[in-house]
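Below you'll find the structure, written out as structure tokens, and then a few comments.
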Amino acid sequence: MSMDKPKQDDELHILQDIWSSYFAGPDHEAAAEPSITRLRGGMNNSSYRLGIRNQEYVLRLYESHQDQDKVLYEHAVLDSLSRIERRFEIPELVHTPQGNTITYCNGKIAALFRYKEGRNPELTAPQQYEQLGLQAGQLSAALSRVELTHTPVYPPYYRLDISYPECPPAYLLSFLNQPDPVFQHQAHQMKEMAESVAQLFEALRFIDQLPHQIVHGDLNASNVLENDQGQIYAILDFEFATLDARVMELAVPLSDMLGHEEEEMWENCIALISGFTSVIELGEDERAVIPLLILLRRLDVVMHFISRWRKGIDSYAVVERQLEELYARMKWMDKNRDQLASILNPSK
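Under the working numbering, the first residue of the sequence shown is numbered 21, with each subsequent residue one higher.
See below:
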């Protein structure tokens with residue numbers, strides 16, 4: 021298999037592995053030359069756009085883990101969703117000739133998807149956030165109908181006590197109270213956060229009483245596509261889908277929006293909530309817990325990247341940025357909790 025222009029060795033190996041796994045055979049030898057382009061974005065995995073036999077594909081290489089059960093659960097969710105009537109598109113897996121949806125590429129678990137046209141939206145206006153909220157609600161409604169024989173591999177967001185073996189709650193509190201030397205310049209902020217984090221761990225104990233279902237768990241602008249008309253039409257990246265509190269599907273995009281105090285931000289929050297609740301009727305207890313879940317989202321991200329740092333995957337600078345984000349979010353919540361509660365419960 022020749023190529024039109026020089027490629028880096030790893031990209032050549034990727035093409036060779038994918039060719040042999042999905043496209044090898046006498047009928048394919050005369051096909052057009054394949055192409056590969058690495059896609060930007062994504063801190064957990066590597067993605068490539070492939071052109072093979074006049075078709076476009078996206079290849080995902082799993083970087084954070086090599087656990088087949090996690091990937092197979094994600095693929096089972098996609099398979100079940102593909103059989104449910106819905107108003108949005110989802111990733112379409114490509115099967116090997118043997119019927120598998122995973123293979124190995126450069127020694128890592130890989131999955132191949134059909135390429136979808138579109139772009140990640142630049143969310144700025146209330147109408148766009150209402151669209152995102154509407155799609156999140158429709159996704160939640162569809163996921164409530166998913167039936168699986170697979171057992172969820174990832175624990176719920178709120179089970180931080182078992183989510184990160186490399187960063188359990190006790191380690192995190194020690195990490196914040198007694199910072200590693202590379203984080204000494206953040207020591208004051210970290211020690212200030214420690215008490216709030218301990219209180220957050222305690223407050224999470226009752227979340228298992230809320231309505232539960234499978235949730236996507238990572239819905240934001242980077243995981244949706246819009247078409248040329250500016251309509252959000254596809255939801256991507258179900259890697260972290262699991263059984264969790266239903267309201268987490270709204271808390272995650274809200275968490276990514278908050279952090280400023282501009283009037284436009286509040287208008288966008290109202291629009292996002294309106295879109296979601298036009299499909300999903302949330303109970304009072306679910307609405308009340310959203311501020312807690314917003315902080316949980318940021319804390320989960322911090323623990324995720326501390327784990328990656330401890331395993332040597334990411335540098336301390338990545339953790340540093342996430343600690344700054346968590347500190348800023350906690351300060352913001354202290355100041356704006358009442359206003360957030362008022363838009364979550366407009367009838368009160």
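Note that beta-carbon positions come from the ideal geometry of N, C-alpha and C, so glycine has one too.
Problem - Distance between F43 and A50 (C-alpha atoms, nearest Å) - result: For the purposes of this step, residue 50 is taken as the residue at position 30 of the sequence shown. For the purposes of this step, residue 43 is taken as the residue at position 23 of the sequence shown. Any answer about A50 is weak, because its pLDDT of 49 lies below 50 and its placement is not dependable; what the coordinates show is given next. Those two C-alpha atoms are separated by around 12 Å.
Exercise for the section: Would you check if the distance between the CB atom of Y177 and the CB atom of L274 is smaller than 8 Å? Expected result: Stepping through the sequence shown from its first residue, residue 177 is reached at position 157. Stepping through the sequence shown from its first residue, residue 274 is reached at position 254. No, the pair does not count as a contact, with Cβ atoms beyond the cut-off.
Practice task
For the stretch 227–247 and the stretch 156–164, state whether three or more C-beta atom pairs, one from each stretch, are separated by less than 8 Å.
Solution key: When Cβ pairs closer than 8 Å are counted between the two stretches, the stretch 227–247 is seen to touch the stretch 156–164, the count reaching three or more.
Exercise for the section: Could you check which residue in F226, Q249, I255 and G250 has the C-alpha nearest to that of N240? Expected result: Translated into positions along the sequence shown, residue 240 becomes position 220. Of the listed residues, the one whose Cα sits closest to N240 is I255.
Exercise for the section: Using a Cβ-Cβ cut-off of 8 Å, state whether E306 counts as contacting chain B. Expected result: Absence of chain B from the displayed structure is noted, only one protein chain being present.
Handout entry: Bounding residues of the beta strand (DSSP E) (the contiguous stretch that carries V321)
Key = Translated into positions along the sequence shown, residue 321 becomes position 301. Per DSSP, V321 is not a residue of any beta strand (DSSP E); the alpha helix (DSSP H) it occupies stretches across E304 to R330.
Problem - Whether N365 touches Y149 by CB criterion (8 Å) - result: Indexing the sequence shown from 1 puts residue 365 at position 345. Indexing the sequence shown from 1 puts residue 149 at position 129. Between N365 and Y149, the gap from beta carbon to beta carbon reaches 8 Å or more.
Handout entry: Selection from Y93, L196, L263 and D305 that minimises the alpha carbon distance to L343
Key = Within the sequence shown, numbered from 1, the residue matching residue 343 stands at position 323. L343 has its Cα closest to that of L196, out of Y93, L196, L263 and D305.
Problem - Three-way DSSP call (helix, strand, coil) for F133 in this model - result: Along the sequence shown, read from residue 1 onward, the residue named residue 133 stands at position 113. Assignment of F133 by DSSP, reduced to helix, strand and coil, places it in the strand class.
Handout entry: Option nearest Q209 by Cα separation, candidates L263, Y347, M268 and R60
Key = By one-based count along the sequence shown, residue 209 stands at place 189. The shortest Cα separation from Q209 among L263, Y347, M268 and R60 belongs to Y347.
Practice task
Using beta-carbon positions only, say whether H95 and L113 come within less than 8 Å of one another.
Solution key: The residue you call residue 95 lines up with position 75 of the sequence shown. The residue you call residue 113 lines up with position 93 of the sequence shown. At a Cβ-Cβ threshold of 8 Å, H95 and L113 count as neighbours.
Exercise for the section: For my contact list, Y174 and I129 are in at a C-beta cut-off of 8 Å; report their separation, rounded to the angstrom. Expected result: For this step, residue 174 is matched to residue 154 along the sequence shown. For this step, residue 129 is matched to residue 109 along the sequence shown. 15 Å between Cβ atoms; not a contact.
Handout entry: Straight-line Cα distance separating D320 from D276
Key = By one-based count along the sequence shown, residue 276 stands at place 256. By one-based count along the sequence shown, residue 320 stands at place 300. Looking at the backbone, the Cα of D276 and that of D320 are separated by about 13 Å.
Handout entry: Continuous beta strand (DSSP E) stretch holding L263: start and end
Key = Walking along the sequence shown from the start, residue 263 turns up at place 243. Start and end: T262 to A265.
Handout entry: R103 Cβ short of 7 Å to the ligand COA heavy atom set
Key = The ligand COA is not part of the structure shown, which contains no ligands of any sort.
Handout entry: R69 beta carbon less than 8 Å from that of Y135
Key = Residue mapping note: residue 135 aligns to position 115 of the sequence shown, counting from 1. Residue mapping note: residue 69 aligns to position 49 of the sequence shown, counting from 1. Yes, the pair counts as a contact, with Cβ atoms nearer than the cut-off.
Handout entry: Three CB pairs or more closer than 8 Å across the stretch 290–299 and the stretch 203–222
Key = Result no; under three Cβ-Cβ pairs closer than 8 Å.
Exercise for the section: Can you tell me which of the three DSSP states A50 falls into? Expected result: Looking up residue 50 in the sequence shown gives position 30. In this prediction, A50 scores a pLDDT of 49, lower than 50, which makes its location untrustworthy; the coordinate-derived value is nonetheless stated afterwards. The answer is coil: DSSP assigns A50 none of H, G, I, E or B.
Handout entry: Simplified DSSP assignment, three categories, for E222
Key = Taking the sequence shown and counting its residues from 1, one reaches residue 222 at position 202. Three-state result, E222: helix.
Exercise for the section: In the DSSP assignment, find the beta strand (DSSP E) that holds G237 and state where it starts and stops. Expected result: As a working note, residue 237 is residue 217 in the sequence shown. Premise fails: G237 is in no beta strand (DSSP E) and is neither H nor E.
Practice task
Can you grab the Cα-Cα spacing for the pair S293 / I72, in whole Å?
Solution key: The residue labelled residue 293 in the question sits at position 273 within the sequence shown. The residue labelled residue 72 in the question sits at position 52 within the sequence shown. The amino acid occupying residue 293 in the given sequence is Ile; Ser does not appear at that position. Here the alpha carbons of I72 and I293 stand approximately 42 Å from one another.
Practice task
Consult DSSP for V91 and reduce its assignment to one of helix, strand or coil.
Solution key: Residue 91 sits at position 71 when you count from the first residue of the sequence shown. In this structure, V91 counts as helix in the three-state DSSP scheme.
Problem - Beta bridge counterpart(s) of S41 as assigned by DSSP - result: Counted from its first residue, the sequence shown places residue 41 at position 21. Residue pairing of S41 in beta bridges, as defined by DSSP: absent, with no partner found.
Handout entry: Alpha carbon of I182 to alpha carbon of W329, nearest angstrom
Key = Working through the sequence shown from its first residue, we reach residue 182 at position 162. Working through the sequence shown from its first residue, we reach residue 329 at position 309. Their backbone Cα atoms lie some 18 Å apart in a straight line.
Handout entry: Proximity to Q118 [Cα-Cα], best of A190, S40 and F221
Key = Reading the sequence shown from its first residue, position 98 is the one you call residue 118. Considering only A190, S40 and F221, the residue with the shortest C-alpha distance to Q118 is S40.
Exercise for the section: With a 10 Å radius around its C-beta and 16 neighbouring C-beta atoms as the bar for buried, classify K90 as buried or exposed. Expected result: Stepping through the sequence shown from its first residue, residue 90 is reached at position 70. Residue burial annotation: K90 is buried, with at least 16 other C-beta atoms found within 10 angstroms of its C-beta.
Handout entry: Test item: CB-CB of C187 and M350 under 8 Å
Key = As a working note, residue 187 is residue 167 in the sequence shown. As a working note, residue 350 is residue 330 in the sequence shown. Going by C-beta atoms, C187 is not nearer than 8 Å to M350.
Exercise for the section: For the beta strand (DSSP E) containing V338, list its first residue and its last residue. Expected result: For the purposes of this step, residue 338 is taken as residue 318 along the sequence shown, with counting starting at 1. Careful: V338 lies outside any beta strand (DSSP E), inside the alpha helix (DSSP H) at Y336 to L364.
Exercise for the section: Can you give me the start and stop residues for the alpha helix (DSSP H) that V272 sits inside? Expected result: Sequence index remark: in the sequence shown, residue 272 carries index 252 (1-based). Residues M268 to M277.
Practice task
Answer yes or no: do S100 and E53 have a C-beta to C-beta separation smaller than 8 Å?
Solution key: As a first step, residue 100 must be located in the sequence shown, where it is residue number 80. As a first step, residue 53 must be located in the sequence shown, where it is residue number 33. Not in contact: S100 and E53 (Cβ atoms no closer than 8 Å).
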